[in-house]
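Quick note on the UniProt record's numbering: the sequence shown kicks off at 1 and runs consecutively.
Quick reminder that beta carbons are idealized off the backbone N, C-alpha and C, glycines included.
Only a predicted model underlies this, so the values are computations on that prediction, with no experimental measurement involved.
Data first, discussion second: the structure below is written as structure tokens.
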Amino acid sequence: MATEALGHGGDENESGIRQANGNGDASVPGNGKHPALPVLEDMIRIQSVNPYFDESGEGERAMADYVERRCRAAGLAVTRQNVFPGRDNLIVELRVGKPDKTLLLEAHMDTVTLGGMPDALMPTYRDGRLYGRGACDTKGSLAGMLYAMERAARNPEAVGGDLVLCASVDEEHAYKGLLAFLELGLPVAGAVVGEPTELGIAVANKGCVRVAATTHGKAAHSSMPAEGDSAIMQMMRVLRFIRERLEPELASRAHPLCGSPTIVVGTIRGGTQINIVPDRCVIEIDRRIIPGERPEIVERELAERLRRELAPEGVKLTVERLLLDWALDTPHDAAIVRAAQAAAAAIGLDDNLRGVTYGCDASKLQELKGIPSIVYGPGSIAQAHTNDEWVPVSDVERAAEFYWRLAQTFGRL
Ligand SMILES: [Zn+2]
């Protein structure tokens, strides 16, 4: 079992953490089960669906209660930060007198809807996997971070700097939990955001520009189309421009860790009735940006190009912002990156740097507060948000040990 590579560091007297469970299969719970696993089981049993997705969503309250109870029992300082009615960030601190070397561990408590997932709240071990809603997105990460905090509480002399755990609300919808946490202005020197990266150290991810583009025509009875100006026909020119001009341009550029920027037209609506020349047509555009691109500039340039280059063809276009999100681009020599690589290497894990395709809380840390951040966690984004959500059991164990090792390494390099 590769988990034998997970050292204890020799800094404490805990025994039994990695005792064999007799059959040598880490996927079968036994007495020697890694302590992060029962925590993850508990968390899967707690429904924490973001109420934005589902009116039966109970939000993060019970998760916050659970994390708070454990942390108080471990002797850690706990603060609840109210973000929405009944929905609090949970902020856990271990102060060891090194505030300038504070490491933030951050993971969200909310999940997407239970959807059609069978036994979504019933943690189930099968074939080396643990199934359940949130198993990989992102309770597996949070369980590992909680393990690291509890272990740090027992061994404060072993950690390299102050530790802050933020178990946040609302990542799956609007990142409001993390944004509220950042308003507190706690000094943080580096951060690890828990999301499924298949145990890769992610230092880059794409950002996003979402806009609605509307073409404006003139309505007329369809028996006299020359009296009107079809907004749908105008939109056809917009779509052709995106397909023939913008897509190849974007495909010709690439970031080494994130690949090429992309553009997708996700929706189209136009016209009201079969016998009326349509005066309005709207598309929603999802443009993924790569590190080095600024969302507000990409948005402005996209709108300007569509308007300028299509005006000669009679296209009258307006563009409205739906959402902007930054790309993540953490310098490879940042202390958090070096500490993560050292921590991974020390316990036999992959220390290569990589990018991920999805957005998360990390780019907000970097962009709004200049906090160098990595993304790291068990499981794959391919299983997130699906009716078949699972996380490899060994990933959970290794991620937990990685967070603990990172807590020891960060601040010491
Ligand atoms: Zn997530």
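Worksheet item: Taking the alpha-carbon positions, what's the residue 445 to Glu198 distance?
Response: Residue coverage of the chain in this structure runs from 1 to 413, which leaves residue 445 outside it and unanswerable.
Practice prompt. Can you tell me which of the three DSSP states Trp390 falls into?
Written response: The answer is strand: DSSP assigns Trp390 an E or B state.
Item to complete: Report the residue from Asp54, Gly411, Ala120, Gly115 whose alpha carbon sits nearest the alpha carbon of Ala343.
Response: It is Gly411.
Fill in: Identified DSSP bridge partners for Cys281
For Cys281, which the question treats as bridged, DSSP gives the partners Thr215, Gly270.
Item to complete: Would you check whether ligand 1 has a heavy atom nearer than 8 Å to the C-beta of Cys360?
Response: Yes, ligand 1 has a heavy atom inside 8 Å of this Cβ.
Discussion item. I'd like to know if the stretch 137-150 and the stretch 200-211 are in contact, where contact means that at least 3 CB-CB pairs between them fall below 8 Å.
Written reply: With fewer than three CB-CB distances shorter than 8 Å, the stretch 137-150 does not count as touching the stretch 200-211.
Fill in: Straight-line Cα distance separating Gly266 from Leu103
Rounded to the nearest angstrom, the gap between the Cα atoms of Leu103 and Gly266 is 39 Å.
Discussion item. Measuring only from the beta carbon, is His173 closer than 8 Å to any heavy atom that is part of ligand 1?
Written reply: Between ligand 1 and the CB of His173, the shortest heavy atom gap is not smaller than 8 Å.
Fill in: Between the CA atoms of Gly271 and Cys281 - distance to the nearest angstrom
Rounded to whole angstroms, Cys281 to Gly271 spans 7 Å at the Cα level.
Practice prompt. Leaving out five residues on either side along the sequence, give the residues of the same chain with a beta carbon under 7 Å from the beta carbon of Arg288.
Written response: Same-chain partners within the cutoff: Lys206, Cys208, Pro261, Thr262.
Item to complete: Report the rounded CA-to-CA distance for Gly161 versus Leu413, giving the unit in angstroms.
Response: When rounded, the distance between both Cα atoms is 11 Å.
Worksheet entry | Cβ shell of Ile242 (< 7 Å), same chain only, five flanking positions each side left out | Around Ile242: Ile263, Val265.
Worksheet item: Any idea what DSSP makes of Tyr131, helix, strand or coil?
Response: Note: Tyr131 maps to strand in three-state DSSP.
Fill in: C-alpha gap between Val83 and Leu178, whole angstroms
Computed Cα separation, rounded: 10 Å.
Fill in: Heavy atom of ligand 2 within 8 Å of Ala384 beta-carbon
By its list of ligands, the structure shown excludes ligand 2, since it contains just ligand 1.
Fill in: Phe84 (DSSP reduced to helix, strand or coil)
DSSP places Phe84 in strand when its eight states are reduced to three.
Practice prompt. Return the bridge partner residues of Asp286 from the DSSP annotation.
Written response: Bridge partners of Asp286 according to DSSP: Arg210, Val264.
Item to complete: For Cys360, name the three-state secondary structure that DSSP assigns.
Response: DSSP places Cys360 in coil when its eight states are reduced to three.
Fill in: Exposure label - Lys218; buried when at least 16 CB within 10 Å
The residue in question, Lys218, is exposed, as its Cβ has fewer than 16 Cβ neighbours within 10 Å.
Worksheet entry | From Ala226, Gln234, Pro196, Gly228, residue whose alpha carbon lies closest to that of Ala213 | Of the listed residues, the one whose Cα sits closest to Ala213 is Gln234.
Worksheet item: Closest to Asp388 by CA distance: which of Leu239, His221, Leu121, His173 is it?
Response: In terms of CA proximity to Asp388, Leu121 leads the group Leu239, His221, Leu121, His173.
Worksheet item: Under 8 Å from any heavy atom of ligand 1, does the C-beta of Thr138 make it?
Response: Between ligand 1 and the CB of Thr138, the shortest heavy atom gap is smaller than 8 Å.
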